[in-house]
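In the numbering used here, the protein residues as written are -4 to 365.
Built from N, CA and C at the ideal position, the CB exists for glycine as well.
Here's the structure we're looking at; comments come further down.
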Ligand SMILES: *Cc1c(COP(=O)(O)O)cnc(C)c1O
């Protein structure tokens, strides 16, 4: 039996008529940029997460850049990002001219925690970007009320892996000054190409981001500022609007799959499971990440049994070659380093069958008994 890491073909087959209809409609109208569909999706997503404003853009990296740029980040500033995240979180900081600084993460949640900011008590630090890694909410209310040195800085939330995750009934996207999502095809809500969005309750920030992503336009021929072209296109918006209707159900299936993995893999020596989600928090399991000292052998064992896995991420961000010139010592990020050697992402996707999941569970159990 083969178990892919994700099965987008199966997902799109299941809603093929709706998607075909949405794309047909776009072609019939042939307004591919700045028509009505992007706005329609922005409103639908704002309703979904209970936000005042959602601004569609080209991808999740653009979204982070637009947020940082319109908050005024510039050369000389610093922004705290987690040591274990996808590189986009840091790239967007560098795109503004500011410098990403890397904080180690919590050993249990793999997320940034407010106390990890204590070492960044510097006036240059203007913002912090907790990432809701693997779909687990980072403690944004904790950051908000953190009385430490970073209390006054901008709080951004990178929710690229956390569409629909919430704390006390509120979507994580509205718990930061501004949040970003990616609609990369493999995310919990994925387009048929690149797309992303910024989310905020701040109208003037939203207006600035909406204008900046569209050449700094105030009107067709008036440019208040020199902006960029980071627009979402109409076909992606139309498809996303269709897929958004299915997101709550898909997230619910991910939670059920995660609960089933946790039940069947619990209590096994040498195997660490994802953390218990705190009361009031809702995770969306973009990834189901286990930890073991024999990670590479387990990955190979699973691969021989037709099971695809991933590692998110195999190299802590500060230790990537692109940051070699900063000479960051691995001892500054002990948790990220340890995790990078032990983590393994098992397949989890809404179309996964019970049989496929059983095959993964049996293969993991047989490896650890072996
Ligand atoms: C996917 C992802 C991004 C970037 O999204 P793109 O749409 O690929 O640019 C940013 N941050 C995290 C944590 C991600 O997983």
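Residue state for residue 283 is assigned as strand, using DSSP reduced to three classes. One thing to note: residue 73 has its Cβ within 8 Å of the Cβ of residue 121. Taken in chain order, the unbroken stretches of beta strand (DSSP E) that lie wholly in the stretch 42 to 70 and span 3 residues or more are 48 to 52.
Of all C-beta pairs linking the stretch 2 to 16 to the stretch 153 to 165, fewer than three are shorter than 8 Å, placing the two stretches out of contact. Beta-bridge analysis with DSSP links residue 177 to 191. Per DSSP, residue 326 is not a residue of any beta strand (DSSP E), being assigned neither H nor E. Within the DSSP secondary-structure output, residue 166 pairs in a beta bridge with 161. The criterion of a C-beta distance shorter than 8 Å is satisfied by residue 159 and residue 243. In this structure, DSSP gives residue 97 an extended state, which the three-state scheme calls strand. At least one heavy atom of ligand 1 is found less than 7 Å from the C-beta of residue 156. The beta carbons of residue 58 and residue 195 sit no closer together than 8 Å. Of all C-beta pairs linking the stretch 317 to 337 to the stretch 347 to 354, fewer than three are shorter than 8 Å, placing the two stretches out of contact.
For the options 239, 79 and 227, the alpha carbon positioned closest to that of residue 40 is the one of 239.
The beta-bridge partner set that DSSP reports for residue 267 consists of 286.
For residue 229, the number of other beta carbons within 10 angstroms of its own is at least 16, and it is reported as buried. Using a Cβ-Cβ distance cut-off of 8 Å, the stretch 54 to 71 and the stretch 114 to 131 are in contact, since at least three pairs of beta carbons, one from each stretch, lie closer than that value. Excluding its 5 nearest sequence neighbours in each direction, residue 132 has C-beta neighbours in its own chain below 6 Å: 160, 162, 167 and 276, listed in chain order. Collapsing the DSSP output to three states places residue 220 in coil. Note on residue 42: under 16 other CB atoms within 10 angstroms of its CB, so exposed under the neighbour-count rule. In this chain, the beta strand (DSSP E) harbouring residue 152 covers 149 to 153.
Shown here, residue 18 sits in a helix according to DSSP, grouped into three states. Remark: the shortest separation between the CB of residue 182 and any heavy atom of ligand 1 falls under 7 Å. Listed as beta-bridge partners of residue 276 by DSSP are 162.
Scanning its chain for C-beta atoms nearer than 6 Å, with the 5 sequence neighbours on each side dropped, one finds around residue 92 the residues 69 and 70, in chain order.
If you ignore the 5 residues before and after residue 211, its C-beta comes within less than 7 Å of the C-beta of 218, 219, 220, 221 and 222, all in its own chain and listed in chain order. Under the criterion of beta carbons closer than 8 Å, residue 87 and residue 63 qualify as touching, at roughly 6 Å.
A direct Cα-to-Cα measurement between residue 172 and residue 300 gives close to 45 Å.
Runs of the beta strand (DSSP E) spanning 3 or more residues and lying entirely within the stretch 311 to 351 occur at 338 to 341, in chain order. Where residue 74 is concerned, there is no enclosing alpha helix (DSSP H), although the beta strand (DSSP E) around it starts and stops at 73 to 77. Between ligand 1 and residue 224, a heavy atom-to-CB distance of less than 7 Å is absent. At least one heavy atom of ligand 1 is found less than 7 Å from the C-beta of residue 83. Three or more beta-carbon pairs drawn from the stretch 178 to 195 and the stretch 48 to 58 are found closer than 8 Å, and the two stretches are therefore classed as touching.
The closest heavy atom of ligand 1 lies less than 7 Å from the beta carbon of residue 179. Across the structure, residue 97 and residue 346 are spaced so that their CA atoms are roughly 36 Å apart. Between ligand 1 and residue 56, a heavy atom-to-CB distance of less than 7 Å is present.
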